[in-house]
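Heads up: the structure comes next, in structure tokens.
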């Protein structure tokens with residue numbers, strides 16, 4: 700009897716320890732980056748172009764580049780992903796083709812990001828002759844986040860109760876009217892959440908933009924979508940490994956800006972989801 | 050006004066025959082109850098009248114259902130028109146997660162070519178008055194419909210349906226989630242609505258059928274065993290099986 704109790708206590712202790720170990724790296728990453736990055740953060744760092752071979756100045760072009768890329772990715776991925784999700788959840792019947800499509804989406808989600816980069820290079824940069832450009836990079840990132848958007852949108856659409864659709868149809872609405880007036884409005888918070896998570900992913904990835912858009916050093920803002928651009932993750936890579944004698948606080952400052960951007964997006968997604976859950980009453 | 054004439058109706062779900070050679074005459078401005086044990090096909094029967102069975106895969110029907118001189122079993126039937134004419138109230142009150150106002154004008158927004166705000170207000174007032182909710186809710190039209198009580202929700206669903214100006218109301222166990230007082234009030238409402246609509250109600254509850262309906266059909270295993278005035282069904286059933294069901298021997 701006492702033995703069982705003690706075994707249980709020991710088991711609990713190790714389970715707790717394992718769980719605690721998850722928190723430690725997250726906490727340490729945040730603490731270290733904030734601690735070492737904060738001294739670099741000032742108005743000039745956020746709004747100036749890099750100077751003296753990126754050893755001083757700011758990271759403004761990289762911030763803007765990342766925002767362009769993320770915005771571009773969403774312009775391509777959201778409409779396509781949403782329409783595909785609507786087709787899959789509302790129209791497609793359970794058959795060989797729809798199973799193939801669903802399998803393809805799952806696999807698309809599992810493709811390593813560097814492969815997307817190579818694919819983007821071959822298709823958009825070389826074959827479509829976009830060159831290394833914001834357009835090519837956005838398209839590549841867009842394809843990378845498609846599975847996230849499709850999967851979360853599908854879940855959001857399918858979580859709208861069947862009874863709503865049934866009533867709407869019974870009132871003489873067509874299937875499309877039902878989707879537009881009833882299903883979509885109720886799925887929007889879920890779709891938004893998925894989209895923002897996708898954005899966070901796109902903002903943080905280095906490999907897909909490596910060959911398709913990222914400029915090593917471009918101390919001005921891009922002029923059109925056919926321009927190259929700097930981007931935060933790639934800039935971080937460059938100043939950490941390719942350029943000698945970069946002040947540590949500049950590296951950590953860049954990391955802090957990137958981390959804040961991504962965490963902020965995830966936070967917005969969490970808030971939307973939380974509000975939605977509280978409101979949902981069916 | 051439309052009654053519904055059913056001739057030799059058969060319905061299959063795949064290999065399973067859910068309705069067997071059903072013929073009946075649902076008269077206008079009367080309440081007809083369909084009773085019978087679970088799985089006898091009474092809900093199926095109700096759902097052929099506005100073709101809600103179409104959404105189930107593998108459904109086949111044959112025979113005739115005549116509404117306004119048209120056989121609505123025909124594949125060419127305009128389902129939008131049919132469903133505007135033949136509306137449905139479901140078992141669970143199911144208002145949309147919108148305001149009370151928007152729930153009622155949903156049909157108008159979908160069907161009208163041009164939306165006129167005064168017209169919408171008029172529709173809301175008339176529909177709520179006809180389900181006796183206007184006095185209760187006229188100052189709360191922008192409240193979410195999901196905050197209403199179960200009974201109010203079910204009334205709202207009926208109002209939402211009436212706003213489409215149907216001729217036939219199909220009710221699929223409309224009181225099964227309500228308490229006895231609410232049930233009684235909904236039944237009163239049904240008697241009120243009978244003046245303007247043809248009402249067909251499916252119910253598990255024999256007392257309800259006896260209380261509220263003018264005609265009653267008894268179904269068993271997909272067959273319509275007996276169809277007569279409610280008075281006759283409950284006092285002098287002709288078929289032994291009807292009598293057994295009504296006296297509570299099974300079901």
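Protein chains in written order, with this note's numbering: chain D, 700 to 981; chain W, 50 to 300. From the three backbone atoms N, C-alpha and C, an ideal C-beta is built for every residue, glycine too. Just so we're clear, the structure is a prediction, and the values are computed from it rather than from any experiment.
Rounded to whole angstroms, what's the CA-CA distance from residue i to residue j? Just pull it up for me.
i	j	result
residue 220 of chain W	residue 275 of chain W	20 Å
residue 99 of chain W	residue 217 of chain W	10 Å
residue 297 of chain W	residue 84 of chain W	13 Å
residue 867 of chain D	residue 86 of chain W	29 Å
residue 808 of chain D	residue 850 of chain D	10 Å
residue 233 of chain W	residue 122 of chain W	35 Å
residue 778 of chain D	residue 785 of chain D	11 Å
residue 953 of chain D	residue 905 of chain D	14 Å
residue 795 of chain D	residue 183 of chain W	52 Å
residue 141 of chain W	residue 95 of chain W	16 Å
residue 942 of chain D	residue 888 of chain D	43 Å
residue 886 of chain D	residue 925 of chain D	35 Å
residue 127 of chain W	residue 872 of chain D	12 Å
residue 878 of chain D	residue 770 of chain D	26 Å
residue 883 of chain D	residue 196 of chain W	22 Å
residue 718 of chain D	residue 712 of chain D	10 Å
residue 269 of chain W	residue 190 of chain W	44 Å
residue 830 of chain D	residue 815 of chain D	16 Å
residue 78 of chain W	residue 971 of chain D	49 Å
From the options, pick the residue whose C-alpha is nearest to that of residue i; which is it?
i	options	result
residue 824 of chain D	D:812, D:838, D:975 and D:811	D:838
residue 881 of chain D	W:86, W:144 and W:273	W:144
residue 180 of chain W	W:212, W:62, W:70 and W:137	W:212
residue 200 of chain W	W:299, W:121 and W:226	W:226
residue 51 of chain W	W:248, W:140, W:269 and W:264	W:248
residue 834 of chain D	D:742, D:922 and D:949	D:922
residue 80 of chain W	W:281, W:224 and W:240	W:240
residue 964 of chain D	D:826, D:794, D:896 and D:975	D:896
residue 911 of chain D	D:836, D:859, D:848 and D:795	D:836
residue 159 of chain W	W:184, W:175 and W:130	W:130
residue 903 of chain D	D:806, D:748 and D:772	D:772
residue 209 of chain W	W:265, W:198 and W:194	W:194
residue 660 of chain D	D:716, D:713 and D:763	The question about residue 660 of chain D has no answer, for chain D in this structure spans 700 to 981.
residue 766 of chain D	D:869, D:840 and D:816	D:840
residue 750 of chain D	D:780, D:946 and D:967	D:946
residue 198 of chain W	W:230, W:176, W:215 and W:169	W:230
residue 153 of chain W	W:53, W:252 and W:174	W:174
residue 698 of chain D	D:774, D:971 and D:916	In this structure chain D extends from 700 to 981, so residue 698 of chain D is not present and cannot be described.
residue 53 of chain W	W:70, W:76 and W:268	W:76
Provide the residue span of the beta strand (DSSP E) that contains residue i, from first to last.
i	result
residue 137 of chain W	135–138
residue 882 of chain D	Counting along the chain, residue 882 of chain D falls outside any beta strand (DSSP E), and DSSP gives it neither H nor E.
residue 73 of chain W	65–75
residue 999 of chain D	Absent from the model: residue 999 of chain D. The displayed extent of chain D is 700 to 981, so no value can be given.
residue 62 of chain W	53–62
residue 228 of chain W	Counting along the chain, residue 228 of chain W falls outside any beta strand (DSSP E), and DSSP gives it neither H nor E.
residue 267 of chain W	264–269
residue 111 of chain W	108–116
residue 82 of chain W	80–84
I need the boundaries of the alpha helix (DSSP H) containing residue i, first residue and last residue.
i	result
residue 876 of chain D	874–877
residue 284 of chain W	279–284
residue 261 of chain W	255–261
residue 835 of chain D	833–857
residue 217 of chain W	Note, residue 217 of chain W: premise wrong, no alpha helix (DSSP H); beta strand (DSSP E) at 217–221.
residue 247 of chain W	It is not in any alpha helix (DSSP H) - residue 247 of chain W instead sits in the beta strand (DSSP E) that spans 247–251.
residue 906 of chain D	906–909
residue 93 of chain W	91–97
residue 173 of chain W	166–179
residue 290 of chain W	289–295
residue 801 of chain D	795–809
residue 925 of chain D	Unbroken run through residue 925 of chain D: none, as it is neither H nor E.
residue 642 of chain D	As displayed, chain D neither begins before 700 nor continues past 981, which places residue 642 of chain D out of reach and without an answer.
Start-end ranges of the beta strand (DSSP E) lying completely within the segment 702–768 of chain D, minimum 3 residues: none
Meets three-Cβ-pair contact criterion under 8 Å: the segment 861–872 of chain D and the segment 949–968 of chain D: no
The segment 193–206 of chain W touching the segment 149–158 of chain W, judged by at least three CB pairs closer than 8 Å: yes
Given 8 Å, three or more beta-carbon pairs between the segment 267–282 of chain W and the segment 150–170 of chain W: no
At least three beta-carbon pairs within less than 8 Å, the segment 108–123 of chain W to the segment 841–858 of chain D: no
Stretch-stretch touch, CB-based, cutoff 8 Å, three pairs: the segment 104–111 of chain W with the segment 59–76 of chain W: yes
Cβ contact (3+ pairs, closer than 8 Å) linking the segment 796–805 of chain D and the segment 895–910 of chain D: no
Three or more C-beta pairs below 8 Å linking the segment 920–938 of chain D and the segment 757–764 of chain D: Contact check between the segment 920–938 of chain D and the segment 757–764 of chain D: three or more CB pairs, one atom from each, fall below 8 Å, which counts as touching.
Inter-stretch contact at 8 Å, needing at least 3 Cβ pairs: the segment 725–744 of chain D / the segment 810–827 of chain D: no
Residues from the segment 75–91 of chain W in contact with chain A, defined by Cβ distance under 9 Å: Of the protein chains in this structure, namely D and W, none is chain A.
Three-pair Cβ contact test at 8 Å for the segment 942–953 of chain D versus the segment 715–729 of chain D: Flag = no, the segment 942–953 of chain D and the segment 715–729 of chain D do not touch.
Unbroken stretches of the alpha helix (DSSP H), 4 residues or longer, contained in the segment 931–959 of chain D: 931–936
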